[in-house]
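The sequence shown: position 168 = 336 (the numbering used here), numbered continuously. Backbone N, C-alpha and C define an ideal beta-carbon position, used for all residues, glycine too. Keep in mind that this is a model prediction, so the values were computed, not measured.
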Amino acid sequence: MAQPPRPVSRDATSPFAQPGARVSVSQQGGSKNNSPLVSNTNVSPSVISRPPSETNVPTQVESPPILPPNIIRNYIPEHRIVDYHGGFDIKVLSQVGEQIDTAKPIFLFAPELGAINIHALTMSLESGCISEVNTALNTILVTSADNGLTIPLPECPEFLDAITTLGLRVLDQLLKGTNDRIKAGADDIDIEIITPQASSNIDEVFSKYVKDDEEYDETEIRIDSFSGEPIEETEDSIDVESVPDTVAMDMDEPESNGVSRQEVSSMPPNFNIPEKFEIPSYFEMLTAVRSETEDPFSTIHVRTAEDPQVLLIDQLTTISMILRNISFTDYNSKALAMNENVKDLLFRIIHAIATNGDKFIFTRRRLGFLKDSLIILTNISHLLELRSHNEALCALALVLTFGSDPQTDETMLIPDYVPSTHKYLSHGVDVLTKLLVRDPPNRSLFQAVMTGIYDSSVHPLVVEENKKLVALYTGDQGEFFLISRVFKYLLSVIPFNSLALHPLLQEREAVILQALLSALLVVDMVPTDQLKQNMPLTWLCSTESIGHGLTRLGLLLAPFSAEPNNNDALKQISKRALLLVNELADKALQLIEFLGKEDDKNKLKDIKLHLSPDSILGSMLSTIDPMILDQIMALYSRIERINKSLESVA
């Protein structure tokens, strides 16, 4: 039997409503199918059910017919450039990432380190553990680079000894190709055959004379704990006086292969002459660094994180940077200059680069070592005393490396100097001047190296080795090439023919003063009785006419000495320039008389020294410095001597 259709509620205002009818209203708003079990009390009783014939039956909507898909045969998709990926600009994010990666510190900053214990760092450097050493080096490098922190070397000399000893050991391993990490692996060690090392000199001597394979008699001696004397004397007791001298010597000092200290001091050192001794110029190394960086197949792009040689170079680089940073403090200069290990490390690095430059793999590393060494010497050279001719040669090689390239034309004397390009030339002049003014021993050592005239007290083997190194460095350039190159190097900073002379002098007055002083010392080194060539005459007869240029410079600055409030540096430049001309002319005339060569007398006309009457009258002002006036009059007398020599030749 079919159920009647469900009544649908209508509003009380509907015309179909009947009084007293019950209306069911659904609690869900918006629904047209109300539940008959829920009565709505809010509906008026006048609301009645609609007749079944009036019930709304939902009608079914017919679906549209399915048509076959419309396929486009030649579909061309639209193209557009995607600037953003997920709403982010990748290029900007990449730049930000590079900046973060660049600014991200490899190690902690100095304020983040907390309390820094110098003694603990010293013990870490001496531990021999690679991780401890690297952590200590990184900590010291960050500390030394901070302007607010200083490492007082006079208060902790053991720290300086530890770091320089470590540097010497690392350099020795680098040159010999040995490394503590690869000497023996864990699998190659047999623990059963390891013998304990001697804990003291006594144990070392005992293990030398008493071995496991030999039979020996044990003797027990009872000693009084209070007095320390034997209780019972026996025939087998050991007599201290009967101990051999060799054993007593070994107990006091390490084994010396049977050679006493006196014999060692009297014996000449054992030298190994290298195959080459050459340091490339500053510009050559810059070019090599650029080529290494731009060449995709160079060794700089090879993964070297596990290369022991590269790790040794990194350690040595860190040590040199630490020494450079701590050398800027004034009270550390004396401690560095007086330390023997510092001298050994500096000059051994320079010697190693000159003889075994390939051991350092990268050119940028070699250049970094040379720059650090130059800066260290700049800060400590006024207190440094050289110990040998080889150290003087290494200092000259280091200084000349950062100089201007020599002229290819033999008639040109002075190379070009551009301060913006030759950034380290002034530092080299500073180092050379500070080393030359100390005599003894520095000036005597430099004189022997540059002139080839050695003192008779020097051992012949030492002289022979130094001569061979000088020959390797200079090549086939001649006997006086080194002193001539040093003289050119010093004069390259002096503006001889510049039109804007006064601004250049104010900009370079310090380095010009040092260069003139060093040039005077170099000219003073030239002997007048042992040379076969008149080097001062060659310098005066150069194409640049340095005699005329120095005279012009001295006369131009002479009136500035009359001004009381003027800078004293200009007065010193004027005096030293005129003094240098007088020294060169005097040396040239003395060598002409000693050598007696007619060709040298004919070259006097190329000197081009002359004083105009106006310059002489202007220099005779009463306010001019008397020392400058004396040099002008001395120059006038030497010009007269040159003119007389030319008249005798004619």
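Examine chain D for any beta-carbon lying closer than 7 Å to the beta-carbon of T318, and answer yes or no.
Absent here is chain D; the protein component of the structure consists of one chain.
Could you give the DSSP three-state label for H253: helix, strand or coil?
Here residue 253 corresponds to residue number 85 of the sequence shown, with the count starting at 1. If DSSP states are grouped into helix, strand and coil, H253 belongs with the strands.
By how many angstroms is the C-alpha of M453 removed from the C-alpha of R532?
As a working mapping, residue 532 is identified with position 364 in the sequence shown. As a working mapping, residue 453 is identified with position 285 in the sequence shown. Spanning the two alpha carbons is a distance of roughly 8 Å.
Let me know the alpha helix (DSSP H) ranges lying completely inside the stretch 644-711, each 4 residues or longer, listed in chain order.
With a minimum length of 4 residues, the continuous alpha helix (DSSP H) runs that stay inside the stretch 644-711 are 649-659, 669-693, 703-708.
Going by other Cβ atoms of all chains shown within 10 Å of its Cβ, with 16 needed for buried, is C297 buried or exposed?
Reading the sequence shown from its first residue, position 129 is the one you call residue 297. C297 comes out exposed.
What residue from I274, L725, I760 has the CA that sits closest to Q740's CA?
Against the sequence shown, residue 740 aligns to sequence position 572. Ranking the options by Cα distance to Q740, first place goes to L725.
Consult DSSP for G622 and reduce its assignment to one of helix, strand or coil.
Indexing the sequence shown from 1 puts residue 622 at position 454. Note that residue 622 is Tyr in the sequence shown here, rather than Gly. The answer is coil: DSSP assigns Y622 none of H, G, I, E or B.
Between which residues of its own chain and D463 is the CB-CB distance below 6 Å, once the five residues before and five after are set aside?
The residue labelled residue 463 in the question sits at position 295 within the sequence shown. Once the five neighbours on either side are set aside, D463 has no close Cβ partner at all.
Would you report the Cα separation of L281 and F275, rounded to the nearest angstrom?
The count along the sequence shown starts at 1 and reaches residue 281 at position 113. The count along the sequence shown starts at 1 and reaches residue 275 at position 107. Cα to Cα, the separation comes out at about 10 Å.
Compute the beta-carbon to beta-carbon distance between I662 and A683, rounded to the nearest angstrom, for a pair I have assumed lies under 8 Å.
For the purposes of this step, residue 662 is identified with residue 494 of the sequence shown, where counting begins at 1. For the purposes of this step, residue 683 is identified with residue 515 of the sequence shown, where counting begins at 1. Right, their Cβ atoms sit about 6 Å apart.
For L235, which three-state DSSP category applies?
Within the sequence shown, numbered from 1, the residue matching residue 235 stands at position 67. Of the three classes helix, strand and coil, the one that applies to L235 here is coil, per DSSP.
Quick check on A753: does DSSP put it in helix, strand or coil?
As a working note, residue 753 is residue 585 in the sequence shown. Helix, per DSSP.
Do you know how far the Cα of E294 is from the Cα of D754?
The residue you call residue 754 lines up with position 586 of the sequence shown. The residue you call residue 294 lines up with position 126 of the sequence shown. For D754 and E294, the distance between alpha carbons rounds to 58 Å.
Does the stretch 536-545 come into contact with the stretch 610-617, if we say contact requires no fewer than three beta-carbon pairs (one atom in each stretch) closer than 8 Å?
Judged by Cβ distances under 8 Å, the stretch 536-545 makes no contact with the stretch 610-617, as fewer than three pairs qualify.
Would you kindly work out how many angstroms separate the C-alpha atoms of S813 and I760, rounded to a whole number?
Along the sequence shown, read from residue 1 onward, the residue named residue 813 stands at position 645. Along the sequence shown, read from residue 1 onward, the residue named residue 760 stands at position 592. So the alpha carbons of these two residues sit roughly 10 Å apart.
Can you tell me which of the three DSSP states V510 falls into?
Within the sequence shown, residue 510 is the residue found at index 342, counting from 1. Correct three-state label for V510: helix.
According to DSSP, simplified to helix, strand and coil, what is L545?
For this step, residue 545 is matched to residue 377 along the sequence shown. Residue state, collapsed to three classes: helix.
With a threshold of 16 other CB atoms inside 10 Å of the CB of I234, please say whether the residue is buried or exposed.
Along the sequence shown, one-based indexing puts residue 234 at 66. By the neighbour-count rule (16 or more Cβ atoms within 10 Å), I234 is not buried but exposed.
Whose C-alpha, out of L763, G764, Y804, is nearest the C-alpha of K776?
Taking the first residue of the sequence shown as 1, we reach residue 776 at position 608. Considering only alpha carbons, the answer is Y804.
Please classify D540 as buried or exposed, where buried requires at least 16 neighbouring CB atoms within 10 angstroms.
Taking the sequence shown and counting its residues from 1, one reaches residue 540 at position 372. By the neighbour-count rule (16 or more Cβ atoms within 10 Å), D540 is buried.
Within 10 angstroms of its Cβ, does M801 collect 16 or more other Cβ (buried), or is it exposed?
Locating residue 801 in the sequence shown gives position 633, counting from the first residue. By the neighbour-count rule (16 or more Cβ atoms within 10 Å), M801 is not buried but exposed.
Are the Cβ atoms of C709 and D798 separated by less than 7 Å?
Within the sequence shown, the letter at position 541 stands for residue 709. Within the sequence shown, the letter at position 630 stands for residue 798. In this structure, D798 does not lie closer than 7 Å to C709 by Cβ.
Would you check if the distance between the CB atom of K636 and the CB atom of I441 is smaller than 7 Å?
Here residue 636 is taken as the residue at index 468 of the sequence shown, counted from 1. Here residue 441 is taken as the residue at index 273 of the sequence shown, counted from 1. Closer than 7 Å, so yes.
Would you kindly report the start and end of the unbroken alpha helix (DSSP H) that includes Y641?
Within the sequence shown, the letter at position 473 stands for residue 641. Its alpha helix (DSSP H) spans residues 628-642.
Find the nearest neighbour of T311 within the set L673, E474, L336, N285, judged by alpha-carbon distance.
Counting from 1 along the sequence shown, the entry for residue 311 is found at position 143. Taking only the C-alpha atoms, the option nearest T311 is N285.
Measure how close the beta-carbons of T619 and P695 come, nearest whole angstrom, since I'm counting them as under 8 Å.
Here residue 619 corresponds to residue number 451 of the sequence shown, with the count starting at 1. Here residue 695 corresponds to residue number 527 of the sequence shown, with the count starting at 1. That pair is a contact at about 7 Å.
Alpha carbon to alpha carbon, how far is G265 from V250? Give it in angstroms, no decimals.
What you label residue 250 is simply residue 82 of the sequence shown in a count that begins at 1. What you label residue 265 is simply residue 97 of the sequence shown in a count that begins at 1. Roughly 21 Å separates the two Cα atoms.
Can you give the beta carbon distance from T546 to V478, rounded, assuming they're within the 8 Å contact cut?
Locating residue 546 in the sequence shown gives position 378, where the first residue counts as 1. Locating residue 478 in the sequence shown gives position 310, where the first residue counts as 1. Contact doesn't hold; Cβ gap of about 28 Å is too wide.
Indicate whether A687 and V617 have their beta-carbon atoms separated by less than 7 Å.
Position 519 of the sequence shown, counted from the first residue, corresponds to residue 687. Position 449 of the sequence shown, counted from the first residue, corresponds to residue 617. For A687 and V617, no; Cβs fall outside 7 Å.
Can you list, in chain order, the residues of its chain with a C-beta nearer than 6 Å to that of V457? Leave out the 5 residues immediately preceding and following it.
Translated into positions along the sequence shown, residue 457 becomes position 289. Correct list, in chain order: T531, R532.
Tell me the residue span of the alpha helix (DSSP H) that contains G722.
Working through the sequence shown from its first residue, we reach residue 722 at position 554. Segment 714-725, the alpha helix (DSSP H) holding G722.
Can you tell me whether E266 is helix, strand or coil according to DSSP?
Mapped onto the sequence shown, residue 266 falls at position 98. Three-state DSSP puts E266 in a helix.
Residue range of the alpha helix (DSSP H) that F451 falls in?
Position 283 of the sequence shown holds residue 451. Element bounds for F451: 450-462.
Using a threshold of 7 Å, state whether the C-beta atoms of I548 and A520 are closer than that.
Against the sequence shown, residue 548 aligns to sequence position 380. Against the sequence shown, residue 520 aligns to sequence position 352. No; because the gap between Cβ atoms is not below 7 Å, this pair is not in contact.
Taking Cβ positions, are A278 and D314 nearer each other than 7 Å?
Numbered from its first residue, the sequence shown carries residue 278 at position 110. Numbered from its first residue, the sequence shown carries residue 314 at position 146. Yes; because the gap between Cβ atoms is below 7 Å, this pair is in contact.
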